[in-house]
Every structure is written in structure tokens, then in C-alpha cells.
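For the sequence shown, numbering that gives the first Met the number 0 gives the first residue as 0, with consecutive numbering after it.
These notes are about the structure you will find just below.
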Amino acid sequence: MHAIRWYEMRKSGSNWQIHQQGTYAPDSLHRWNGSIAMDGNGNIALGYSLSGSKIFPSIAVTGRRNSDPPGLMSMLEEIVLPGSGSQTGLSRWGDYSSMNVDPVDDATFWYTNEYYQTSNYMTWASRIASFTINNLQVSLGEKSEAQSKGYLFKPMAPNPFSTNTRIDWVLFQPKFVEVSIYDIAGKLICTLVSENQEVGEHSIQLDGSNIESGIYLCRFTAGSSKELHKLIRIR
């Protein structure tokens, strides 16, 4: 697995220091070829290439508000463009990744990266996207209740699902976490996670190949808090 390692540097006098740092790896997919920028309010956007065994190289972005806990990319990952092909016959992926802030409003991010429309040697294409931090999906900075609870449980995706679905959460404090799946009658189907976890982003995949179609409940426990979320398995 490849992950994005990022840093924010700040200058005090004549010296530069690391203000915060983090590794963005919310799941087992590969993320690389990253580019990062900060707007005039201190919000950060990160763009990169995304791929996996069942995903062609795609273009994705995430970000964080200036008020979010340090070291976390707290926005839900957005796929700018799903790839539909892979590079073949070359050992070098291009360095065509650039995140920049619009000088007019100092808030709009412009991001460009490469992708392949069909699998081939080197006929790559580019896509340009623009967005602000406010345009991205729910951020931890908007979730004061979540920060007071010490965690944020993110929407499961996809839901409904046919093969696999991803369950994501973020811890602001170290907690004992348990993730279990129950059928609609309350019978335990499986326990995916049951352990003490540290601060940061966490994720688990639910394999639906052995689960019948129907409605299920995902019970998420973090410390003394419990949540139930409906999950639908389809063929």
C-alpha cells in the first residue's frame, strides 16, 4: 500500500519548523503522486492518484479545515474522476499533479492530475477540477458534537452494497472500538473490530459475499458510546 505523507511548515523568525504532519491512508488502496496547498484561511487541500486491485488509477482529493484536529485530513475523500484504464509498458508514472489556490479569492483550489481513458502505453489524459473546502463533504471541523464525543462515524459507502462496503471513523481520543454487524432480528452476524485504537483515521471493509440480501445493522462502539446504522445488502 502506498500512502500520502504530508507536512505543514511554519516560519518563526529565520527558522522553519514542522507545525503539523500526517499520513493519509484511510484504507488499503494506493494513494500517490500527491500535491498540496493552503488557502488564505489556513484550510488545506490534498490531491493525488488513487488505485487498487479493482480500481483503475483515478483522481481524488481530500482536505482539512484550519480548525480541525492537527495531523488529520478530515474531509471525506472525493473522486474527481474515476480512471477507466491503466498505464502499460512503462515503469514511471508522470509527475502531472498540481494543487494551487486561486489568487483572486484565495479560497478556490484548482487541481490537475493525469489518468488513462483506456489501458495503453502512454496516451494519458489530464483533468482539471476546482473546489473550495466548503464544497467538500462533511468535515470534522463542522462536527463540534463529534469532537466532544471523541469520535466521528462516517457514512458507510457504498450503501446499499453488493460485494463490499467500507466503514470509516475518526478518533479524537484513544478509545476501545468495536464494530459489529447484526441482522434485523438482532442476531450477531460478525464482529469486524474489537480493540483499543489510537487517535486518527480508521477503516474496515465488510465482505458481503457470505451475507444474504437484506437489511442489517452496524453497531459502532467507541468507549461508552454506541451507534446503530442501517446497512443494506443487495445482489
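Backbone N, C-alpha and C fix where the C-beta goes; we use that ideal spot for every residue, glycine too.
Bear in mind that the values here come from a model prediction, so they are computed numbers and not experimental data.
Verify whether the separation of the beta carbon atoms of residue i and residue j is less than 8 Å.
i: TRP31; j: TYR6; result: no
i: TYR120; j: LEU89; result: yes
i: LEU187; j: SER179; result: yes
i: ASN158; j: ILE231; result: yes
i: ALA44; j: PHE108; result: yes
i: SER224; j: LYS148; result: yes
i: ILE127; j: THR111; result: yes
i: ALA2; j: THR22; result: yes
Residue i: buried (16+ other C-beta within 10 angstroms of its C-beta) or exposed?
i: GLN204; result: exposed
i: CYS217; result: buried
i: LEU227; result: exposed
i: VAL103; result: exposed
i: GLY62; result: buried
i: ASP105; result: exposed
i: ALA156; result: exposed
Per DSSP, what kind of secondary structure is residue i in: helix, strand or coil?
i: SER138; result: Note that SER138 has pLDDT 39, beneath the 50 cutoff, so the model's placement of it is unreliable and the number below is only indicative. SER138: coil per DSSP, three-state reduction.
i: ILE210; result: coil
i: ILE132; result: helix
i: LYS153; result: coil
i: SER143; result: For SER143, the predicted structure reports a pLDDT of 44, less than 50, and the residue's modelled location is therefore unreliable. The matter cannot be settled from this model.
i: LYS186; result: coil
Determine the closest residue to residue i out of the options, with distance taken between C-alpha atoms.
i: GLY84; options: ALA221, HIS18, GLY51, ASP94; result: GLY51
i: PRO68; options: VAL100, THR122, ALA221, GLU200; result: GLU200
i: GLY82; options: MET72, SER118, ASP206; result: SER118
i: SER208; options: CYS189, PHE175, GLU77; result: CYS189
i: ASN134; options: ASN42, LEU71, PHE175, THR220; result: ASN42
Closer than 8 Å, CB to CB, is residue i near chain B or not?
i: ILE127; result: This model lacks chain B altogether; it includes just one protein chain.
Check for me: the beta strand (DSSP E) holding residue i runs from which residue to which?
i: GLY46; result: 43–51
i: ASP284; result: The requested residue 284 does not occur in the structure, where the chain is confined to residues 0 to 234.
i: LEU71; result: Careful: LEU71 lies outside any beta strand (DSSP E) and carries neither H nor E.
i: VAL60; result: 54–63
Within the present structure, is the beta-carbon of residue i separated from the nearest heavy atom of the ligand NAD by less than 7 Å?
i: ASN99; result: The model on display carries no ligand, and the ligand NAD is accordingly not part of it.
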